Amino acid sequence: MANDTFEPKIVGFLCNWCSYRAADLAGTARIKYSPNVRIIRVMCSGRVDPTFVLKALALGADGVMIAGCHPGECHYIEQNYKAMRRYYMLKHMLRALGLEEDRIRLVWASAAEGQQLAEHIDKFVEDVRKLGPLNWPANWQENGERLHAVEAIAKEHEESLEVLP
Amino acid sequence: MAERVGVYVCHCGSNIAGMVDVEEVARWAGANLKDVVVARDYKFMCSSLGQAMIEEDIKKEGLTRVVVAACSPHLHEKTFRRACENAGLNPYLCQMTNIREHVSWVSKDRAKATEKARALVAAAVERVKHQAPLEPFFVKVNPATLVIGGGIAGLQATLELADAGYPVYLVERTPSIGGHMAQFDKTFPTLDCSACILTPKMSEAGQHPNVTLFTYAEVEEVSGSVGHFRVKIRKKARYVEEDKCTGCGICVEKCPRKVVDHDFEAGLGYRKAIYTPFPQAVPRIPVIDVESCIWFERQKCRACEKLCPTGAINFDQKDEEITLDVGNIIVATGWKMFDCKKIPQYGYGRLANVFTALEFERMCNAAGPTGGKIVLRDGKTEPQSVAIIHCVGSRDSNHNEYCSGICCMAALKFGHLVLEKTKAEVYSFYIDMRTNQKGYEEFYHRLLEEGMHFVRGKVAEVTDAARRPEEAGKLIIQVEDTLMGKQRRIPVDMVILMGALEPQADAKELGLKLGISCSMAGWYTERHPKLDPVATMTDGIFVAGVCQGPKDIPASVAQGAAAAARVMAMITKGDVMIEPVVASIIEEKCSGCRICNNLCPYNAIEYDAEKQVSRVITAMCKGCGTCVAACPAGAITGAHFSNEQVFAEIEGILWDAVHGNGGAGVKEGQPVSA
Amino acid sequence: MKYAYYPGCSLECSSAAYDMSVRAVADLLGIELREIDDWNCCGATEYFSQDELTACAVIARNLALIEPQLDQVVAPCAACYLNLRKVDSLMKEDPALADKINQCLAAGRLHYDPGRVRVRHLLDLIHTDIGETAIKDKVVQPLTGLRVACYYGCQIVRPYDGFDNPEQPVKLDELMTWVGAEVVDFPVKAHCCGGHMTQISEPQAFELIRRLLHNAAEYRADLILCMCPMCQLNLDAYQNRVNSFFGTNYQIPIIFFTQLLGVAFGLDWKKLGFGKEIVPAEPVLRKKLTAPAATA
Amino acid sequence: MVGTTLELRGSPFLHEIIQEVPGGERIVRCLQCGTCGGSCPNGADMQYTPRTIFAMIAANQREKVLKANTMWFCVSCYFCVSRCPQKIPITDIMYGLKRIAIRERMYQDTDAPALAKTFTDLLDKYGRSFELGLASRYYLFNRPIAMLKMGPMGLSMFTRGRMSLVPTKIKNIEQLQSIIRKARELGGTQQ
């Protein structure tokens, strides 16, 4: 496999109840998929703070995947809807920062959907591969203030992320 | 003071080592990751020797943190936490990372798999350094249990618990317990009478001092958690007062309104507007069906009320809400049959003599609408030929991909009953004959000898469009006989459709109330498909019977008993440990904006109006962390998933990228292997 | 209501009655049909059995020719309807194929974005977009007492998830009930007429045609309604040959559903193309319809 | 849908079909249930039912499959497709088999390829199909005796104005022809 294809680094935030178990199931079923996504377990997709995503991109990830239970099937009743709201906000922020919004993706995978999760991962890896490297660390080095600037934006937007019902 | 981290990389035989260079990962972690003082690989970390190795290192090397790179934490997190605890280390200072399910089993390239494993180990090491010791909570377990569903699985669970001396609340949606089994005539493969083996259990449950029955009732709301659930049930108005009714049946006899019974009789028979579903119903208290009662329709009649000798009829009765406190819940809600009209080419609903399996069960039943006679829809003609079609709505991606499991045997049972009771020829149209339990294959052989015809092929259509004179007036089965490789048209008088078992229409809705998940098909998901088939992901909630997946009566009974045994273990132990993964609010930082209050799905955050801050009610928090992510002031911390910990994990997981950018986290003066 | 109109080759000549009645009925119902300028043949089933890409490209030319301000195209012929829908859907599912097809179109300076146009069958349009009330309003000659067998054939209801059930469709049955006709049970209503089998193997083709005629006769249908030129041709033009092949004597008129709608709306029978069918329909209609409102 | 394990396994003919037909990889899911063969209006006259054909493809019986009459008896009614419990695009696979059989002239005892060729030749030339031209050319070359039998029917069609004597040609035939040329070039299929 010694060639020059770009291998994107992707961080995946998977909820403990559905997606992480879907990934476990993909393993148990020996379904092969791209090794590019590195998984971090959170209790719920609703726990994914927008700053996690930005931090990952700033530290050198080329893409971030958030995976949760299907809408209506959240272990915590409906917290994945909150993840969904933040996701659109995040895409908006990425655009504002001049980044490709497709570098983040939200997917649903129930604990029974190992195959589907694997397919989502393969698809996302291919899509990010097409986008090419993000190279944010390089930019960041040139301008050390950038991460702080981004974090500030995140904080600023955060209030608008949650709408009181 | 710097932490002292131990890293343990498991081979899992060749499960991990076959695809990941585990020795290299351990060597690399020891050489490159800051604060790692011990890094080892071992054949089976979960073995007692592996655990002993960790315990010894904690003591000898003074480890303050432990990272185990092995399988999924859902399998062995408890094992390694216990090992740490044994060696005097707080169990929450141990972090597992999953390099088996998430790496070795899903990768094809050894170098890339090894690289991914390194990143995961680095992430765990960075994270574990920020973890804090936590103390679990303990909750007392209420010895009362709620069983939802009074079919055979729920009944079995109820009786096991009740006989062991524990109180059980059994909630059943229909007016009587008994479930589908009460509708059946015979049970395969022994052909013993279904009612004869079921009704003793029903009356036992009805009379047991430890069992409280709530029939014609549904679960409305579930709160609390393992050990102390609070359940609201709604008892629908029967319009009959239970304490006054003696079950004499005069009201049913005198009721002037007769309607088709689509429930118990599957549409083949009738019931009155006031009815008990069947003679052996438990309890024997009738209900008034508001939809068909003349009083509710046009304020006339009340014959039942006038004639009831004990004055039990009460037209003013209202639904009643009852709150129950229980320690555990067993879900045994069963199944419904596939709507055969969804396959129009089989003609159900259009062609009179196409029957569903449930209709046919009722037809065979001596207590059923035809008195056990097998006749056509006209109620008198005996069929001369009967076709039984398997896999109607099962093993079909257009409907349900799964195999319903029981239909082959039920079809053989039907075949036997037709051969026994009529002179008809019987055809079975099957894709694969599945008879894989005790005595089942033998039963198949018996039917071969009895002269049932077996045609291997999924029926394409059932039609009344005759092509030849001999087909006129018949139902024609058009099928490819796959063993002959030829299309055939077989005229018959009666067709029985073996409809798929499907989850109850509201299975997802109930799952949501209980906080348990369903598979894509809608069956409740067990904790582990092999090793924990009765528990669910939610502690204190167990599943039994078909609601977890299609199964036959023996398996349902076994699972009901198993669920009861699990509940008894909880009750006997007396208390249950709760993971301390909860949120807490730092009052000084809280601005009192109350955003978190409405976000919490469990209403676990209250607002202190006096201090103008929000506060987490620890006992109610389930630790999802949504509030943590949402707090604009960063005032909420999620124990074991704090921002700090996740940030560190992100930094670690992107170790190679970060390292390319200046080598953050790298041991000084150490060589770095790529 | 404006729609692009793709008549297809059969409607030009062999099924002119369909075209005439479609236009007359559409006019009355306020449906504006704008014929695609310079459309070409859809290739029926024949092109797909030789060369898939060319088949798609030939069909896609028609989609690409649709005026930009129109977003729906209606095809009365089953094969045309299926082919247009199939190419649009293949292009949606497979971007690589869409790209190839567009390269072909580019050779003719054309382009088509999959999904731009929604492909509809005429029956769907009349049943859904016009609807029961408007149809009933227009009836001047109720078809009371006329027993019709509604024949859907294959490709309008399969394989795509369409507007009707693929096994036992009902939309034409409903439409005919609205105009007062008596719809007979016709279990083979979505079975195959044989398509081009007549050209390949006559015994098989005749058997397929016989099954349909036999079933309609069993249910004492006065006539069979078609919505596909191929079905009409097979059942009508081959009816006598089927009779001589099997020694039967079916005389069932086969007409297009739009012709009968036209009759119910009181339109001039000549303008609806009556007289072009080989088994004549007019005697049956005259006998059954008590007070013919239209002139012959 | 198909797992990666299939990539390098199975019969070469199976892989050929997968290449030829969009969605053809679903063949591997065939349960051999026979819904297709049972549903087919011509099923009784097929040498091998579609189900059998799939088993033969899996067994790499290339020649036997391509010489079978199965695909030529397919009338594209899509009953099998809409009923198949495994959602196999059976009709499209039949088209694929016809294409391979025509390319390699493997077909036997059928005039269907000639009909298809006559049809598309006329389409290529005029942009419209031409029934009289189709009928006469096809019958003249392939079934002269059958043509005589057709006589009365053709006549009654003609007297009712349902058969034209001259073909219609579309205005911009050059445009259509350049599209077709490009398609042949990209598809690599020469007629």
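Protein chains in written order, with our numbering: chain A, 640 to 804; chain B, 1021 to 1694; chain C, 131 to 426; chain D, 12 to 202.
Just so you know, even glycine gets a beta-carbon here, dropped at the ideal spot from N, CA and C.
These figures come from a predicted structure and were not determined experimentally.
Please name the residue, chosen from the options, that lies closest to residue i on a Cα-to-Cα basis.
i, options, result
"D:His-26", "D:Cys-51, D:Ile-190 and D:Gln-72", "D:Gln-72"
"C:Cys-172", "C:Asp-229, C:Gln-202, C:Arg-215 and C:Tyr-133", "C:Arg-215"
"D:Tyr-59", "D:Ser-87, D:Pro-178 and D:Val-76", "D:Val-76"
"D:Gly-34", "D:Cys-51, D:Gln-188 and D:Lys-98", "D:Lys-98"
"B:Asp-1077", "B:Asn-1106, B:Ala-1049 and B:Glu-1097", "B:Asn-1106"
"C:Gly-394", "C:Ala-146, C:Lys-132, C:Ala-154 and C:Gly-138", "In the sequence as presented, Gly is not what sits at residue 394 of chain C; that position holds Ala. Taking only the C-alpha atoms, the option nearest C:Ala-394 is C:Ala-154."
"D:Arg-195", "C:Arg-246, C:Leu-183, C:Cys-139 and C:Thr-388", "C:Leu-183"
"B:His-1122", "B:His-1228, B:Arg-1454 and B:Ile-1036", "B:Ile-1036"
"B:Ser-1662", "B:Ile-1605, B:Asn-1617 and B:Ile-1615", "B:Ile-1605"
"B:Ala-1527", "B:Leu-1521, B:Ala-1520, B:Ile-1516 and B:Tyr-1544", "B:Tyr-1544"
"B:Gly-1391", "B:Cys-1428, B:Ala-1430, B:Lys-1441 and B:Pro-1574", "B:Lys-1441"
"C:Ala-209", "C:Ala-264, C:Met-221 and C:Pro-289", "C:Pro-289"
"C:Lys-268", "C:Glu-142, C:Leu-391 and C:Leu-419", "C:Leu-391"
"B:Cys-1321", "B:Asp-1345, B:Gly-1354, B:Cys-1275 and B:Thr-1343", "B:Cys-1275"
"B:Cys-1268", "B:Leu-1327, B:Glu-1238 and B:Glu-1311", "B:Leu-1327"
Helix or strand or just coil, what does DSSP make of residue i?
i, result
"B:Ala-1555", "strand"
"B:Met-1116", "strand"
"B:Tyr-1028", "strand"
"B:Ala-1377", "helix"
"C:Cys-358", "coil"
"B:Asn-1385", "coil"
"C:Leu-273", "coil"
"B:Ile-1451", "coil"
"B:Cys-1360", "helix"
"B:His-1410", "strand"
"B:Lys-1274", "helix"
"A:Ala-641", "Because A:Ala-641 sits at a pLDDT of 43, beneath the cut-off of 50, its placement in the model cannot be relied upon, and the point is left open."
"C:Ser-151", "helix"
"A:Gly-753", "helix"
"B:Leu-1396", "coil"
Between residue i and residue j, what straight-line distance do the alpha-carbon atoms span, to the nearest angstrom?
i, j, result
"B:Arg-1250", "B:Val-1596", "16 Å"
"B:His-1248", "B:Pro-1156", "17 Å"
"B:Ser-1537", "D:Tyr-118", "54 Å"
"A:Ile-649", "B:Val-1374", "56 Å"
"B:Asp-1572", "B:Gly-1459", "13 Å"
"B:Arg-1147", "B:Ala-1173", "45 Å"
"B:Glu-1180", "B:Ala-1525", "28 Å"
"C:His-344", "B:Val-1479", "23 Å"
"B:Phe-1474", "B:Ile-1451", "10 Å"
"B:Glu-1023", "B:Asp-1055", "6 Å"
For residue i, does the count of other Cβ atoms within 10 angstroms reach 16, so buried, or fall short, so exposed?
i, result
"B:Leu-1503", "exposed"
"B:Val-1280", "exposed"
"B:Gly-1594", "exposed"
"B:Pro-1379", "The amino acid at residue 1379 of chain B is misidentified as Pro; the sequence shows Glu. Per the 10 Å Cβ criterion, buried."
"B:His-1757", "Residue 1757 of chain B lies beyond the range of chain B shown here (1021 to 1694); nothing can be said about it."
"B:Lys-1631", "exposed"
Cβ of residue i less than 9 Å from any chain E Cβ?
i, result
"B:Glu-1626", "Although the question refers to chain E, the structure presented lacks it and instead comprises the protein chains A, B, C and D."
(request) Please list the segments of the alpha helix (DSSP H) lying wholly inside the region 1211-1267 of chain B, counting only runs of 4 or more residues, in order along the chain. (result) The qualifying runs are 1214-1227.
(message) Please give the ranges of any alpha helix (DSSP H) in the region 288-350 of chain C, keeping only runs that are unbroken, at least 4 residues long and fully inside the region.
(response) Runs of the alpha helix (DSSP H) inside the region 288-350 of chain C: 301-308, 327-330 and 332-348.
(request) Mind listing, in chain order, the continuous beta strand (DSSP E) runs of no fewer than 3 residues lying wholly within the region 1430-1484 of chain B? (result) 1445-1450, 1473-1476 and 1481-1483
(request) May I have a chain-ordered list of the beta strand (DSSP E) segments no shorter than 3 residues that lie completely inside the region 1294-1343 of chain B? (result) none
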